[in-house]
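Taken in sequence, the protein lines are chains Y and U.
Counting along the first sequence from 1, when you hit position 268 you're at 268 in this note's numbering, and nothing is skipped either side.
Just add 305 to the spot in the second sequence (first one is 1) and you have this note's numbering.
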Amino acid sequence: MPNVGVLVPLVAIFGGLIWLLVRAIRGREVERRVIFMFIFVAVATPILFPITFQEHATPVVKNLFDRIENLPSGSTILMSFDFDPAMAPEVQPMANALSRHCLAREHKIVFMCLWATGQSLLNTTLEYVIRPDFPHLVDGVDFVNVGYKAGNEGVLNVIVSDFKKMFPTDVNGVPLDGVEIFDKVGSCKDFDLILTVGGGRPGPKEWVLFVGDPADVPIGAGVAAVVAPQLYPYYPRQVIGILGGIKGAAEYESELVKTHPRFENMEKPGLRMMGPQTLAHVVILAFIVIGNIAFFRGRRGKKTE
Amino acid sequence: MRQLVPLTITFCVGTLLIVSVFIPPLGDLERTFTLWFDIIAVFAFFLGGGNLLRVHINKLRRRKTDWGFSIVTLAGFSTMLAAGLFKIGNPGDIATAVDAPGSMFYTIFDSVVVPLGSTMYSLLAFFVASASYRAFRAKNREATLLLVAAFIILLGRTPFGLMLTEWVPDSFSLLQIPNLAIWIMNSPNLAGQRAIMIGIGLGVISMSLRLILGIERSYLGGDNA
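Structure below.
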């Protein structure tokens, strides 16, 4: 039996849109508060009564997934959390899915941040994703968190040739000289892959300019949807894959579950949030159509006068 | 003298950093300068904090418009500063990370800063919807192009895009909306972005040269701007 909680708001939304369409045909514009109300219902309904859709990884996402999947176990990956709480709902699901994937493939991860706010968000991933999902993994052996350093591009400019010069210890003050992962890592050149999750500045673009190109290390990026178009000039040679917005996260999660069924029951915020995003997009598209109808009707009315 | 010293420093550092890219033995010098820059960047935090205090205390003293918000700002600033500096509630010893899970800093960040930040960002959905309604109108040829591209990209970012055009035969798969959205991103968008990036690159080079040669002096402030 269809979920009444979903059906009623959906009927209200589409009924309301048809009513607005009829008004638009008569040349009437829509008030801003009406648009806000429609968006509120469109976003709230799938949050309260989850609607999920099937996602298929597009080549730009699949490339990154395949690179991580095909790296030999034990490869060393650097992952940078370069975002703030505002961006977190969009990009943290990517960071979580990427971390899960890397650790499931038994790669070693070095976590760091170029944004001060990234460090606490990185702790959230460590606390709520990595430790519960991989309780057997040891901090310092399978992954290490070196935390945040101020200096933006300056940090990258140093770690590209000497990682420990900028990060002599991990986030808890343990010297990196004693950390097993760093036995074979001296600089960014020694990483098999660099993953940057963020979207602002410094972000993926700076990683490409200051580390990816000079050190010839492949870079994978997870970014907010508004930033993704700016990264396409670097794809696929300098940035091997881009996860753009919540759709990118959802595609990655679906690919992860398909390849690693053990994650079937994991929290999938990307896929979960595709419901609100899809419905909101449909409502926005409907308003674009309604707006144009109202515009042309209004123009015809003026010409007739 | 007030002009000569900063101009000379800018010229020397700028020239050295450019030359160090082409002469490998000077690479170490470049990294040293970068470390100096990072140390200076840390002082910017003190400067930023001091400035924030000055502005908001002034606002409070003079009872300027919305001075109530300054109380919230100052209270938030001091609470986070105290929680971080004194590592209140930190589970480990003084050496553990300032924001270790369980600490007061992490708890406030996770339960106040994160939801507030997300709320602010999510408000965008309302404004994007309202702006799309008003801005995406086929007023002329360029606006129509923008409208069509936006329509395809928006639809391509939803599962409905594929559902609507799944019937299109494989030989014409480019006409499926998700593929069309990818094409827009990969071709027209890519061309535009590259052109912008090359333009910005050339602009940065010319501005850097102007700074190094002392032609551009607005960074000195005062009457030199």
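Built from N, CA and C at the ideal position, the CB exists for glycine as well.
Quick check: the Cα distance between residue i and residue j, rounded to an integer number of angstroms?
| i | j | result |
| --- | --- | --- |
| L309(U) | L114(Y) | 35 Å |
| P202(Y) | T52(Y) | 33 Å |
| A530(U) | G381(U) | Confidence at A530(U) is low in this model, with a pLDDT of 49, below 50, so the placement of that residue should be treated as unreliable; the coordinate-derived value is given next. Roughly 36 Å separates the two Cα atoms. |
| I307(Y) | K302(Y) | Limits of chain Y in this structure are 1 at one end and 305 at the other, which puts residue 307(Y) out of reach. |
| K189(Y) | I159(Y) | 9 Å |
| P311(U) | L358(U) | 29 Å |
| G27(Y) | A12(Y) | 22 Å |
| A436(U) | R32(Y) | 9 Å |
| G244(Y) | E251(Y) | 10 Å |
| A150(Y) | G519(U) | 29 Å |
| L516(U) | S187(Y) | 32 Å |
| P420(U) | L331(U) | 47 Å |
| A88(Y) | I376(U) | 27 Å |
| F296(Y) | P483(U) | 29 Å |
| V282(Y) | L460(U) | 7 Å |
| G5(Y) | M266(Y) | 25 Å |
| N395(U) | G173(Y) | 14 Å |
| L249(U) | P9(Y) | Residue 249(U) is absent from the structure shown; chain U starts at 306 and stops at 530. |
| P46(Y) | R446(U) | 37 Å |
| K108(Y) | P269(Y) | 24 Å |
| I314(U) | A349(U) | 20 Å |
| M1(Y) | L7(Y) | Here M1(Y) scores only 47 on pLDDT, less than 50, and its place in the model should not be relied on; the value that follows carries that caveat. If you take the alpha carbons of M1(Y) and L7(Y), they lie about 11 Å apart. |
| L525(U) | N152(Y) | 23 Å |
| G248(Y) | E127(Y) | 23 Å |
| A388(U) | F414(U) | 11 Å |
Three-state secondary structure (DSSP) at residue i?
| i | result |
| --- | --- |
| I323(U) | helix |
| G270(Y) | helix |
| P493(U) | helix |
| V185(Y) | coil |
| P175(Y) | strand |
| F313(Y) | Missing from the structure shown is residue 313(Y); chain Y here goes from 1 to 305 and no further. |
| D133(Y) | helix |
| V239(Y) | strand |
| K108(Y) | strand |
| T463(U) | coil |
| T412(U) | helix |
| T169(Y) | strand |
| A257(U) | Here chain U comprises residues numbered 306 to 530, so residue 257(U) is not present and cannot be evaluated. |
| D333(U) | helix |
| S120(Y) | helix |
| N308(Y) | The question about residue 308(Y) has no answer, for chain Y in this structure spans 1 to 305. |
| L309(U) | helix |
| A286(Y) | helix |
| R262(Y) | helix |
| V298(U) | Here chain U has residues from 306 to 530 only, and residue 298(U) is not among them. |
| P162(Y) | The question names Pro, yet the displayed sequence has Asp at residue 162(Y). Here D162(Y) sits in coil by DSSP. |
| Q277(Y) | helix |
Quick one: what's residue i bridged to in DSSP?
| i | result |
| --- | --- |
| Y306(Y) | Residue 306(Y) is absent from the model: chain Y starts at 1 and stops at 305. |
| G244(Y) | V223(Y) |
| I339(U) | Looking at the sequence itself, residue 339(U) is Thr, so the reference to Ile does not match. Paired residues: none, contrary to the question. |
| F143(Y) | I109(Y) and D139(Y) |
| L193(Y) | I77(Y) |
For a contact defined as C-beta to C-beta under 8 Å, what are the partners of residue i on chain U?
| i | result |
| --- | --- |
| L285(Y) | F456, L459 and L460 |
| I35(Y) | F431, A434, S435 and Y438 |
| S161(Y) | G332 and R336 |
| V282(Y) | T463 and F465 |
Give the residues of chain Y in contact with residue i, contact being defined as C-beta atoms less than 7 Å apart.
| i | result |
| --- | --- |
| T339(U) | G154, N157 and V158 |
| Y411(U) | S120 and N123 |
Along chain Y, in chain order, which residues have C-beta atoms closer than 8 Å to that of residue i?
| i | result |
| --- | --- |
| L495(U) | Y232 and P233 |
| R442(U) | G291, N292 and F295 |
| D415(U) | S120 and T124 |
| D343(U) | K149, A150, G151, G154, V155, V158 and M166 |
| S423(U) | P85, A86, A88 and P89 |
| A346(U) | A150, G151, N152 and G154 |
| I520(U) | Simply none; closest approach about 24 Å. |
In chain Y, what lies closer than 9 Å to residue i by C-beta?
| i | result |
| --- | --- |
| Q498(U) | P229, Q230, L231, Y232 and P233 |
Below 7 Å on C-beta distance, what does residue i contact in chain U?
| i | result |
| --- | --- |
| V171(Y) | A402 |
| F53(Y) | P464 |
| V30(Y) | Y438 |
| V43(Y) | A430 |
Using a C-beta to C-beta distance shorter than 9 Å, which residues of chain U count as neighbours of residue i?
| i | result |
| --- | --- |
| T259(Y) | None at all; the shortest Cβ gap to chain U is about 20 Å. |
Let me check you understand the geometry: is the CB of residue i closer than 6 Å to at least one non-hydrogen atom of the ligand ADP?
| i | result |
| --- | --- |
| I51(Y) | The model on display carries no ligand, and the ligand ADP is accordingly not part of it. |
With 7 Å as the threshold, decide whether the Cβ of residue i is near any Cβ in chain B.
| i | result |
| --- | --- |
| N123(Y) | Of the chains in the structure shown, none is chain B; the protein chains are Y and U. |
Uninterrupted beta strand (DSSP E) stretches inside the stretch 18-102 of chain Y (no shorter than 3 residues) = 76-82
inquiry  = Give the list of continuous beta strand (DSSP E) stretches no shorter than 3 residues that lie fully inside the stretch 195-234 of chain Y.
reply    = 219-223
task = Jot down the residue ranges of each uninterrupted alpha helix (DSSP H) in the stretch 415-456 of chain U, minimum 4 residues, whole runs only, in chain order.
result = 419-427 and 429-440
request  = Could you name each continuous alpha helix (DSSP H) segment of 4 residues or more that falls completely within the stretch 342-397 of chain U, going from the start of the chain to the end?
outcome  = 372-390
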